[in-house]
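So the protein sequences, as listed, match chains A and B. For the first sequence, position 29 (counting from the first letter as 1) is numbered 29 according to UniProt numbering, and the numbering increases by one without interruption. For the second sequence, position 42 (counting from the first letter as 1) is numbered 42 according to UniProt numbering, and the numbering increases by one without interruption. The beta carbon of each residue, even a glycine, is placed where N, CA and C say it ideally should be.
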Amino acid sequence: MTTPQVPKEYYRYLHELQAMDFVCLELSLYLDTHPDDQQAIAQFNQFQRRKQVLSQQFEANFGPLKEYGNSPIGHRWTWSVGPWPWQV
Amino acid sequence: MDSQWRPFDTYHSPFDPCPPKPKSYIVPPNQFIVFQAKGMKQFAPQEALKRGTLWPDLYSPYEAMPQGGARS
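Here's what the structure looks like:
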């Protein structure tokens with residue numbers, strides 16, 4: 001099965017997801033030492049929700065992001081089809 | 001020279017055939033901030049991903065030692 005060429009949104013989604021991941025990472029490190037910072041907690045929730053929405057949209061269009069049941073797979077098993085991580 | 005780099009001079013022996021190598025060490029901003037204050041200003045997400053940190057005050061490019069080093 002040849003790997004289908006992916007549209008530009010694929011990369012835009014991934015780039016946005018990476019930015020969201022990074023902000024969540026930084027905020028979680030910050031919250032480790034500042035557990036009572038409400039403003040940071042609110043921001044973390046905001047980015048966590050955005051990240052969830054983005055990954056749901058990505059998975060609706062391009063297939064599962066995570067394996068082993070961590071992502072919905074729809075009706076076809078496309079795990080071995082999509083561009084592999086090193087091909088992205 | 002970048003403010004985060006500080007040159008220092010090492011002893012150069014008269015018997016040392018090689019010219020004195022310029023040396024400097026980096027002092028990134030996280031050396032000055034002991035405990036991160038609340039509500040520090042932040043980069044935009046895309047910018048933060050590029051810079052490698054969410055907080056501009058803690059940003060350091062960590063460039064290699066500039067060639068000029070102590071003698072620049």
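Tell me which same chain residues have a C-beta within less than 8 angstroms of the C-beta of L31/A, skipping the five on either side of it? Here the question's residue 31/A lines up with position 31 in the first sequence. So the qualifying residues of the chain are D37, A40, I41, F44.
Report the rounded CA-to-CA distance for P72/A versus L17/A, giving the unit in angstroms. Position 72 of the first sequence, counted from the first residue, corresponds to residue 72/A. Position 17 of the first sequence, counted from the first residue, corresponds to residue 17/A. One C-alpha to the other measures close to 17 angstroms.
For I41/A, the first and last residue of its enclosing alpha helix (DSSP H): Position 41 of the first sequence, counted from the start, is the residue given in the question as residue 41/A. Taken as a continuous stretch (DSSP letters only), the alpha helix (DSSP H) holding I41/A covers 38–62.
When burial is assigned at 16 or more other CB atoms within 10 Å of the CB, is A19/A buried or exposed? If you number the first sequence from 1, residue 19/A lands on position 19. With 16 or more other Cβ atoms within 10 Å, it is buried.
Contact between the segment 52–64 of chain B and the segment 43–58 of chain A is defined here as three or more beta-carbon pairs at a separation below 8 angstroms; is this criterion met? no
In whole angstroms, give me the CA-to-CA distance for F62/A and D21/A. Residue numbering aside, residue 62/A sits at position 62 when the first sequence is read from its first letter. Residue numbering aside, residue 21/A sits at position 21 when the first sequence is read from its first letter. Distance between the alpha carbons of F62/A and D21/A: 19 angstroms.
Could you check the C-alpha separation between W86/A and L25/A for me, to the nearest Å? Counted from its first residue, the first sequence places residue 86/A at position 86. Counted from its first residue, the first sequence places residue 25/A at position 25. For W86/A and L25/A, the distance between alpha carbons rounds to 23 angstroms.
Assigned secondary structure, R51/B (DSSP; H/G/I helix, E/B strand, else coil): Mapped onto the second sequence, residue 51/B falls at position 51. DSSP places R51/B in helix when its eight states are reduced to three.
Closer than 7 angstroms at the beta carbon, the chain B residues around A42/A: Along the first sequence, one-based indexing puts residue 42/A at 42. By Cβ distance, chain B contributes nothing, its closest Cβ being about 12 angstroms from A42/A, past 7 angstroms.
Who are the near neighbours of R51/B in its chain, counting only those whose CB is closer than 8 angstroms to its CB and skipping five residues on each side? Position 51 of the second sequence, counted from the first residue, corresponds to residue 51/B. Counting only Cβ-Cβ distances below 8 angstroms, and skipping sequence neighbours, we find F43, Y59.
Beta-carbon proximity list for A70/B, same chain, < 7 angstroms, skipping 5 on both sides: For this step, residue 70/B is matched to residue 70 along the second sequence. Note that A70/B scores 44 on pLDDT, short of 50, meaning its location in the model is unreliable; the coordinates nonetheless yield the value given after this. Only P7, F8, D9, P22, K23, S24 meet the Cβ criterion.
Close beta carbons around A48/B, own chain, < 8 angstroms, minus the five adjacent residues each side: If you number the second sequence from 1, residue 48/B lands on position 48. Here the set comprises Q42, L54.
What do you reckon, are the CB atoms on I26/B and W5/B nearer than 7 angstroms? Counting from 1 along the second sequence, the entry for residue 26/B is found at position 26. Counting from 1 along the second sequence, the entry for residue 5/B is found at position 5. Cβ atoms of I26/B and W5/B: closer than 7 angstroms.
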